[in-house]
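S.K.: Protein chains in written order, with our numbering: chain A, 1 to 264; chain B, 1 to 334; chain C, 1 to 344.
Every residue, glycine too, gets a C-beta built ideally from N, C-alpha and C.
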Amino acid sequence: MQGLQTKGLTLQYGNQTIIDCLDFDIPLGKITVLVGANGSGKSTLLRSLARLLNPASGEILLDAQKLHSMSTKQIAKQLAILPQGPVAPEGITVQQLVKQGRYPHQSWFQQWSKKDEMLVEQALEATQLSALKDRPVDALSGGQRQRAWIAMTLAQETPIILLDEPTTYLDMTHQIELLDFLFELNRQSKRTVVMVLHDLNLACRYADHLVAIHNKKVAIEGAPEEIVTSQMVEEIFQLKAIIQKDPYFGTPLCIPNGKGRYIK
Amino acid sequence: MLHSIQFKTVGLIFLVGLVGVLYFCSLAMGQTSISFPLALEVITNYDPNNEAHIIVATSRLARATIALTVGIALAIAGILIQSLTRNPLAAPDLLGINAGAIFFIVFALTWLNMQSLTQYMWFGFLGAAVAAVGVFLLSNIGRDGVTPMKVILAGTALSAFFISFTQGMLVLDEQSIQTVLFWLAGSIAGRDVQMLFDVLPLLVIAIIVSGFMGKAMNIFSSGDDVAKSLGQNVAILKLLMGGLIIVLAGGSVAIVGSIGFIGLIVPHIAKGLVGNDYRWMIPYGACIGAALLIAADILARFLISPMEVPIGVMTAFIGGPFFIYLAKKGVSRQ
Amino acid sequence: MKYWNMRLFQSKASFQLSRKWLVTLITGLLLLLVIFMLSLSAGSNYVSPIDVLRQLFNQTDEFTFVIETLRLPRVLLAILVGAALGVSGLILQSIVRNPLASPDIIGITSGASFGAVLFITLATGVISMAFLPLAAICGGLLTASLIYMLSWNKGVTPVRLVLIGIGISAILKSGVTFLLVFSDTYIASKAYIWLTGSLYAATWQDVMSLSCWLLIPLPTILWLGRSMNVTELGDDVAISMGIRLQRQRFLFLACAVLLAGSAAAFVGGIEFVGLMAPHIARRLVGRSFIGLVPITAIIGALLVLVADLIARTMFLPLDIPAGVFTAAIGAPFFIFLLFRTRNR
C-alpha cells in the first residue's frame, strides 16, 4: 500500500484525547481536504501525519512503513508540510527561503547541485515569484508570502504535500489564486495534496476527497458530491443548511439557514 | 480565592494586622533582643537614657519604617508594571528600572561629588525614567509589537548595560566599592532616616494615587482597544501608570538600593487571593509587600549573625525560584 | 546579490558562494590586521609599526618585552575572546530565534562569573589562580545544564529557555553580590575587576589554553551549521525538513556555552559583544548561518580589540577594563538597531 495511512491512531494533548483510534487512508494523487468544526482536531491530525506530533498510541504508515521507524530525513523526501502561519526570519529573501526546501536532499559536500538550482528556479516560476526572488519575505503581501512558503515546500520535491489552513489571513482573491495553484499542481504533477480548510464551499469545489472530522473520529469521507448533505452538515457543524448544486461548477454548495434579508 | 466582599474585607484587616505585628517584631528582634512592651514604650513613653530605647529609636524604628514603605512601594510598582505591560513576568528589577536608577545614582556619587541625599533621589528618578522609556522603546521594535519575551529581553539587556557601566565607574574608584556595593546589593540597615524623610512624601503620594487607580486598571486590563471603546483615555492612563512606576521604583532604589523580586512575586500572591480585581489587588499587594519585606529583613539579621545578609540577596534567593516556576507554568499554558 | 556556483570533482561537491561574503571576509581580515598592528604599537610605550614588524619577523632585543611579553598575548587573547563571544551570540540568536539573545542575557556568563568569584573568594592564597578558568567554565556549563534541565518539558522551547535563563541568572547574580559583600576589600576589588572584563595581564599561557578550549566546539558548528538555516524557519518547518531538532538544539547550546564560558573564564564578563557581532555580520552578508560564522568571529574580534585598545590607551596611566567599552559601544548600537527596525 502506497501513501499515508493511519492504524488505530490516538492523539492526545496532555490528558485530553483529540483523535481516538482512527483508521483511514489518504488517497494517492488526489486532493484531500479535512473539514470539521473548530477544535475538532483536524489540524492536530494533519500535524501528526507530518510527525510534528507523536501519537499517544497507534501507527501512521508511509508507503506501508511505520513513520516513527523511518529516519526523519527519509520522511522529509516523501512528505512536506506547510504549518499554519509560518514566520520567516527578518530580512531573508524569497530565494533564500525557497532554497531551504532543498535541505533534505543536500549533504555536506553537495550544498548546491545543478538539480537544486533547477528545482528552486522551477518552484519560483510555478509560484510566479521569479521577479520577486531578491525581495525580503517580510516585504511581500500576504498572498505572495504564502506562495513563497509553498514554493519552499515545492522545492522539497515530495510526492505528498500537507498544508495546514493555507488560506487563513488571505483575502478572497488570494484564496482562489492559491487553491487554483494547488489544483494545477495536483492535476499536472499528480502530487498528493492534503489540506485543512475552513470554508466548506471551497473545500467541495477543490477536493477530490473530503474528510469530515467529528467526535474524535472521521465521521464521513468520500467525494464531496456524494457525502455533503444537509444532514451531514448538521451533524458535523451543528448548522442547519440547504445543499444545492453550484450553478457553475456543479459541486455541492452549502447555504446555511438562519436570519438575514430575504428578497423574493 | 476569597469571593465575597465580606471575606475580602476580613482578609484585608487580617493582613493589616499581620503587617502591624511584624513591624513590632522588627523593632524588638535583632542582635539585642528587646521585649515587646519595651519596644512599644519607645513610641508611647520615650526615655532617652534607656539603652534599649536608644537602639530602637536610632536604628530599628527607621529600619522597620523603611521596610514598610519600600515593601508597599515595590509591590504596587510591580502590580502597575504587570498591568501596564500585560506581562506576568514583569517587575521593576527585571525591566532594568532598578539598574538604571542605580547607574545614575552611582554616577552622581562618583563624578558629581554630590553631598545632599535629596539629590540622589532625583538622580534615582531620572535613571528609572530613562530605563523605563528605554525598555519600552526597545521592546517595541520588530513586527509583532510588544511581546512578553521581548520586554524581558530588552529589560535584561538594558540592565546588563547599566550594570556594566556602574561596574566600570566602581573599578575607577576602588575605595567606594565596598560601601557602594552593600548599598547596590539592596540593604535596609544603616540607612539614614533623613533619606526616608526626603523621599517619603513623594512615595506616599504615589501610593495614594495608585490606590485610586483600581477601577481604571480593571477596564484597562481588557486590552487597549476595548478600553478605548469603553471611553477610557488609554494614553493618559499609561503615562500616569508609567510615572507612578518610576516614582515608586526609583524612590525605593534611592532609599534602599536594588531589592528585587518583591515587585514580581507580590502581584501573583495578591491575584491568587482576590482574583483579577485591581481594586482589591492594590491594597492586598501593599500589605503583602510590606509584610514580606519586613519579614525578610528580620530574617536577614539572624541568618548569618553577627553579620547581616543584604536584603536584596535574600529576596533574590526567594524570588528567583518563583520566577522560574512562573516561567515554566506560564509558558506551558500558551 | 551575486553568487558563484562552485561545482567540483565532476559535480561530486557543490557550493554556493556569494560575492558579498567573500569581499566582506577579505575586508574584515585586512581591517583586523590593521587594528592588530595598531594595538601592538600603541600604548604607554609607543613602538612604531616598522619596529613592530621588525620585532615580529626577526627578533630585536629592544622591544622583546613590550611586544612579545606584554602586548602580543593581550592582543591575541582579545581576538580569540571576541571571536568566541560573537559566535556564541550568533548560535544563541539562531536557536532562540530572537535577535536580542546573547550569552550574557540568557545566563551563561553569570554562571561563569559565579564560578569564578566563588573560586576567587574561597581559593585566594590556597589554590593557584591558574585554575580560575576551569572554575569559570565549570560554572558556565553547570548553569547551562541546569537551565536546560529546568526548561525541559518534552523538548525545549526557546521562550522557556530564555526566561528560565534569566531567572537563574538573577539568583546567581545575587549569589555573586553575596560573596563580594562578605569578602574583604582586597579580594572584593580583585573579583570586581575580573567581573567587569579585563584583558589586563594576559599571558601566552592564557592564549594557548583558550585556543584549545575553542577548538572543541568547532567541528560541531561546521558539521551541523548547514541545518541552522532551516531551524530558523520555525520548529515545525525544521522537523518537516528532516532535522533532529532536540539533538541539534542540545549540541549547539553546548557549543555556545563552551565558547562563551571559556571566553569569560579568561577575561571575565565582556558584555554586548555576543549581542552586537551577529547583528553587524547579518547586516553585511545576509542570513546564511555557516557563512555568518567566520564573519561574526572577525567582527567580534574587532570589537573586543578596539574596546581594549581604547581602554588601555585613552586614560593613561589607568588601564580600564575593556568590558566597560564594549558596553559603551553597545549602547549606541542598541539605539541604531531600534531605529533601523523602525524605519522598515
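For a test of the three-state rule: what should DSSP assign to Pro159(A), helix, strand or coil?
M.R.: Your numbering for residue 159(A) matches position 159 in the first sequence. In this structure, Pro159(A) counts as coil in the three-state DSSP scheme.
S.K.: Decide yes or no for the touch test of the stretch 131 to 140 of chain A against the stretch 93 to 108 of chain A: beta carbon pairs closer than 8 angstroms, at least 3 of them.
M.R.: Yes: at least three Cβ pairs fall under 8 angstroms.
S.K.: Is Glu59(A) helix, strand or coil when you go by DSSP?
M.R.: Here residue 59(A) refers to the residue found at position 59 when the first sequence is read from its first residue. Three-state DSSP puts Glu59(A) in a strand.
S.K.: Quick one: does Gln93(C) have its CB under 7 angstroms from some CB of chain A?
M.R.: On the third sequence, position 93 is the one that residue 93(C) refers to. Cβ-Cβ to chain A under 7 angstroms: no for Gln93(C).
S.K.: Could you give the C-beta distance for Asn229(C) and Pro158(C), rounded to a whole number, given that I count them as a contact under 8 angstroms?
M.R.: Position 229 of the third sequence holds residue 229(C). Position 158 of the third sequence holds residue 158(C). 16 angstroms between Cβ atoms; not a contact.
S.K.: Assess contact between the stretch 173 to 189 of chain C and the stretch 119 to 138 of chain C, defined as three or more Cβ pairs (one per stretch) separated by less than 8 angstroms. Is contact present?
M.R.: As far as the Cβ criterion goes, the stretch 173 to 189 of chain C touches the stretch 119 to 138 of chain C, which means the pair count is three or higher.
S.K.: Can you confirm whether Leu129(A), when its beta carbon is compared against all beta carbons of chain C, has any partner nearer than 7 angstroms?
M.R.: Position 129 of the first sequence, counted from the start, is the residue given in the question as residue 129(A). With 7 angstroms as the cut-off, Leu129(A) does not count as an interface residue toward chain C.
S.K.: Can you give me the Cβ contacts of Ile137(C) inside the same chain, cut-off strictly under 8 angstroms, excluding the 5 residues immediately before and after it?
M.R.: As a position in the third sequence, residue 137(C) is number 137, starting the count at 1. If we look at Ile137(C) and ignore the five residues flanking it on each side, its Cβ neighbours are Ala112, Gly115, Trp213, Leu258, Gly261, Ser262, Ala265.
S.K.: Report the CB separation of Ser139(B) from Lys150(B) in whole angstroms; it is logged as a contact under 8 angstroms.
M.R.: Stepping through the second sequence from its first residue, residue 139(B) is reached at position 139. Stepping through the second sequence from its first residue, residue 150(B) is reached at position 150. Sure, about 4 angstroms apart at Cβ, within 8 angstroms.
S.K.: Between the stretch 117 to 124 of chain B and the stretch 98 to 108 of chain B, are three or more C-beta pairs nearer than 8 angstroms?
M.R.: Judged by Cβ distances under 8 angstroms, the stretch 117 to 124 of chain B makes contact with the stretch 98 to 108 of chain B, as three or more pairs qualify.
S.K.: In the DSSP assignment, the alpha helix (DSSP H) including Tyr13(A) goes from what residue to what residue?
M.R.: Translated into the one-based positions of the first sequence, residue 13(A) becomes position 13. Unbroken run through Tyr13(A) is the beta strand (DSSP E), 4 to 13; no alpha helix (DSSP H).
S.K.: Residues of chain C with CB closer than 7 angstroms to the CB of Gly275(B), please, in chain order.
M.R.: Counting from one through the second sequence, the residue named residue 275(B) turns up at place 275. Correct list: empty, because the minimum Cβ distance to chain C is about 25 angstroms.
S.K.: Just checking: is the beta-carbon of Gly412(C) within a distance shorter than 7 angstroms of some beta-carbon in chain B?
M.R.: The shown model of chain C, from 1 to 344, leaves out residue 412(C), and the question about it has no answer.
S.K.: Please state whether the Cβ-Cβ distance between Ser43(A) and Asp164(A) is less than 7 angstroms.
M.R.: For the purposes of this step, residue 43(A) is taken as residue 43 along the first sequence, with counting starting at 1. For the purposes of this step, residue 164(A) is taken as residue 164 along the first sequence, with counting starting at 1. For Ser43(A) and Asp164(A), yes; Cβs fall inside 7 angstroms.
S.K.: How long is the line joining the alpha carbons of Pro283(B) and Leu239(B), rounded to whole angstroms?
M.R.: Position 283 of the second sequence, counted from the first residue, corresponds to residue 283(B). Position 239 of the second sequence, counted from the first residue, corresponds to residue 239(B). Computed Cα separation, rounded: 22 angstroms.
S.K.: Can Leu74(B) and Cys287(B) be called in contact, C-beta distance under 7 angstroms?
M.R.: Here residue 74(B) is taken as the residue at index 74 of the second sequence, counted from 1. Here residue 287(B) is taken as the residue at index 287 of the second sequence, counted from 1. Not a contact, by the Cβ cut-off of 7 angstroms.
S.K.: Val196(A) by DSSP, collapsed to three states: which one?
M.R.: By one-based count along the first sequence, residue 196(A) stands at place 196. Residue state, collapsed to three classes: strand.
S.K.: On the three-state DSSP scale, how would you describe Arg333(B)?
M.R.: Here residue 333(B) corresponds to residue number 333 of the second sequence, with the count starting at 1. In this prediction, Arg333(B) scores a pLDDT of 42, lower than 50, which makes its location untrustworthy; the coordinate-derived value is nonetheless stated afterwards. Reduced to three states, the DSSP call for Arg333(B) is helix.
S.K.: Would you report the Cα separation of Asn98(B) and Leu244(B), rounded to the nearest angstrom?
M.R.: Reading the second sequence from its first residue, position 98 is the one you call residue 98(B). Reading the second sequence from its first residue, position 244 is the one you call residue 244(B). Rounded to whole angstroms, Asn98(B) to Leu244(B) spans 14 angstroms at the Cα level.
S.K.: Flag Gln205(C) as yes if its beta-carbon sits less than 7 angstroms from any beta-carbon of chain A, otherwise no.
M.R.: Position 205 of the third sequence, counting from 1, holds the residue named residue 205(C). It does not; no Cβ of chain A falls within 7 angstroms.
S.K.: Please report the straight-line C-alpha distance between Trp204(C) and Gln84(A), rounded to a whole angstrom.
M.R.: Within the third sequence, residue 204(C) is the residue found at index 204, counting from 1. Within the first sequence, residue 84(A) is the residue found at index 84, counting from 1. Taking the straight line from one Cα to the other gives about 54 angstroms.
S.K.: Leaving out the 5 sequence neighbours to the left and right, which residues in its chain are closer than 6 angstroms to Thr296(C) when beta-carbon positions are compared?
M.R.: Taking the third sequence and counting its residues from 1, the one referred to as residue 296(C) is at position 296. Closer than 6 angstroms at the Cβ level, and outside the excluded window around Thr296(C), lie Gly86, Val87, Leu90, Ala277, Pro278, Ala281.
S.K.: Using a Cβ-Cβ cut-off of 7 angstroms, state whether Ser113(A) counts as contacting chain C.
M.R.: Taking the first sequence and counting its residues from 1, one reaches residue 113(A) at position 113. With 7 angstroms as the cut-off, Ser113(A) counts as an interface residue toward chain C.
S.K.: I want to see whether chain C comes within less than 7 angstroms of Thr166(B), judged by CB atoms only; does it?
M.R.: Taking the second sequence and counting its residues from 1, the one referred to as residue 166(B) is at position 166. Taking Cβ atoms only, chain C never reaches closer than 7 angstroms to Thr166(B), which makes this a no.
S.K.: I'd like to confirm something about Ser230(A): is its beta-carbon nearer than 6 angstroms to some heavy atom of the ligand ADP, or not?
M.R.: In the structure shown, the ligand ADP is absent, as is every other ligand, since no ligand is present at all.
S.K.: Which runs of the beta strand (DSSP E), 3 residues or longer, sit entirely within the stretch 59 to 138 of chain B?
M.R.: For the stretch 59 to 138 of chain B, not a single whole beta strand (DSSP E) run of length 3 or above is found.
S.K.: Which same chain residues end up closer than 7 angstroms to Ser41(C) when comparing Cβ atoms and leaving out the 5 residues on each side of it in sequence?
M.R.: Numbered from 1 along the third sequence, position 41 holds the residue referred to as residue 41(C). Within the same chain, Ser41(C) has close Cβ partners Val47, Ser48, Pro49, Val52.
S.K.: Whose C-alpha, out of Gln188(A), Tyr206(A), Arg187(A), Leu239(A), is nearest the C-alpha of Met195(A)?
M.R.: Counted from its first residue, the first sequence places residue 195(A) at position 195. The shortest C-alpha separation from Met195(A) is found at Tyr206(A).
S.K.: Are there 16 or more other CB atoms within 10 angstroms of the CB of Met232(A), so buried, or fewer, so exposed?
M.R.: Here residue 232(A) refers to the residue found at position 232 of the first sequence. Counting Cβ neighbours within 10 Å, Met232(A) comes out buried, since at least 16 surround it.
S.K.: What three-state label does DSSP hand Pro256(A) in the structure shown?
M.R.: Within the first sequence, the letter at position 256 stands for residue 256(A). Pro256(A) falls in the strand class under three-state DSSP.
S.K.: I want to verify the contact list: residues of chain C whose CB lies under 9 angstroms from the CB of Lys328(B), in sequence order.
M.R.: Here residue 328(B) refers to the residue found at position 328 of the second sequence. Ordered by position in chain C, the residues that pass the 9 angstroms Cβ test against Lys328(B) are Leu150, Ser151, Asn153, Arg160, Leu163, Ile164.
S.K.: Rounded C-beta distance between Ala151(A) and Ala123(A)? I'm assuming under 8 angstroms.
M.R.: By 1-based counting over the first sequence, the position of residue 151(A) is 151. By 1-based counting over the first sequence, the position of residue 123(A) is 123. Right, the Cβ-Cβ distance comes to about 4 angstroms (below 8 angstroms), so this counts as a contact.
S.K.: Just tell me which of Phe131(C), Ile127(C), Leu172(C), Ala322(C) has its CA closest to the CA of Leu347(C).
M.R.: Outside the modelled stretch of chain C, which goes from 1 to 344, sits residue 347(C), for which no answer is possible.
S.K.: Pick helix, strand or coil for Val211(A), following the three-state DSSP scheme.
M.R.: Position 211 of the first sequence, counted from the start, is the residue given in the question as residue 211(A). Of the three classes helix, strand and coil, the one that applies to Val211(A) here is strand, per DSSP.
S.K.: Find the residues of chain C that neighbour Gly91(A), judging by a C-beta separation of less than 8 angstroms, and give them in chain order.
M.R.: By 1-based counting over the first sequence, the position of residue 91(A) is 91. Those within 8 angstroms of Gly91(A) in chain C are Arg282, Gly286, Arg287.
S.K.: CA-CA distance, Ser113(A) and Gly101(A)?
M.R.: In the first sequence, residue 113(A) corresponds to position 113, counting from 1. In the first sequence, residue 101(A) corresponds to position 101, counting from 1. Taking the straight line from one Cα to the other gives about 13 angstroms.
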